[in-house]
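Those letters in the sequence shown? Residues 10 to 274, by the working numbering. Where a beta carbon is used, it is the ideal one built from N, C-alpha and C, also for glycine.
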Amino acid sequence: YFPDAPNVGGGKLNDFCPLFAYSANLKSDCRNPSFQGDNLEVRGEHFSESAKCLDSTLLSAKKTGLKGSGGCFSLRCVGGKLYARIADKYRDCSTPNDEITVPGFNGRVKCPPKAYADELCKAAPSVDELPTLSACAPEEGARPSVGDRFDLTGTGLGDAVAVRVGPHPCKLVGKSTDKAASCEIEEIQGAAPTPAPTAAEGNLVDSITDLFGDSKASVEALDVVVELENGLTAFLEGAYAVNSAALLSLHSAVVALLAVALLFA
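Spelled out as structure tokens, the structure:
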């Protein structure tokens, strides 16, 4: 495996095959939830008693200078198939050597060979089906603010304990039922992104149309995640669309005004 050092690897018993192992200087025990930190955002990981280390190079597209090198993912056996909680969604990992990619992340998570997947499935908590999210109301609008309410529908939501709309924690309100849950934004996480100006090139009239012609054009789609008491999640990708009208920056507005001035000069 290492031509210049033939005895480097996983030990003589394993024919020196490289193996993933716990590191003394890293918080790498997948079963310890206290090691979660920012690993969900950075590597799509989730630490829990049911988590195992899988072959992963997953890394947030926003991060540079880091490399993926295996990852911790909570597992469930759903109807006899292995599922892994990757970036807050339980994803089917029952196909041997399948490579799972996730929007917003570079790299992939590689599913284990069949024999190992079967072994992991037997050891993981077993459920008949996963909870689901089918709709979010409202579906679109301005960037979420503290106090904004979201009404969610789906299945298996009765034991909901937490909700996030994008990165923003959303406090549950009222009593959740199997098919519905409601929440209000509790805290705003991160700064609002600034849309890139569109008047930098091309026809000025087209540029102005791009900026103002469709005030409801979606410039960002926020995922919604409902976490249940048993550690399962219901996930709806792109559930809430943030409209461009709420995100036009001062820079974009100045560009548009200059373009209008040039048209009538």
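Helix or strand or just coil, what does DSSP make of residue i?
i      : result
Glu50  : helix
Pro178 : strand
Phe56  : coil
Ala124 : helix
Ala132 : helix
Ser83  : strand
Ser143 : strand
Can you tell me the Cβ-Cβ gap for residue i and residue j, rounded? I've got them flagged as a contact below 8 angstroms.
i      : j      : result
Pro134 : Arg94  : About 11 angstroms separates the two Cβ atoms, so there is no contact after all.
Glu196 : Gly156 : Not confirmed; about 11 angstroms, so no contact.
Ser57  : Gly240 : 6 angstroms
Strictly by DSSP, which residues pair up with residue i?
i      : result
Pro112 : According to DSSP, Pro112 bridges with nothing at all.
Ser69  : Phe114
Gly150 : Val251
Phe159 : Cys192
Val170 : Answer is none; Val170 lacks a bridge partner.
Val17  : Beta-bridge pairing links Val17 to no other residue.
Asp101 : Tyr92
Excluding the five sequence neighbours on either side, which residues of its own chain have a C-beta within less than 7 angstroms of the C-beta of residue i, listed in chain order?
i      : result
Pro176 : Gln198, Gly199
Lys98  : Thr242, Phe244
Leu129 : Lys61, Leu84, Leu91, Pro121
Glu50  : Ser69
Glu238 : Asp168, Val170
Could you name the residues of the same chain whose beta carbon sits closer than 6 angstroms to that of residue i, not counting the 5 residues immediately before and after it, in chain order?
i      : result
Phe221 : Residue placement at Phe221 is flagged as unreliable, the pLDDT there being 47, under the threshold of 50; the coordinate-derived value follows with that caveat. Taken in chain order, the list of residues that qualify is empty.
Asn115 : Leu68, Ala70
Gly183 : Ser191
Ala230 : Gly247, Ala250
Among the residues of its own chain, which have a CB less than 8 angstroms from the CB of residue i, if the five just before and after it don't count?
i      : result
Leu181 : Ala169, Val170, Ala171, Val172, Ala190, Ser191, Cys192
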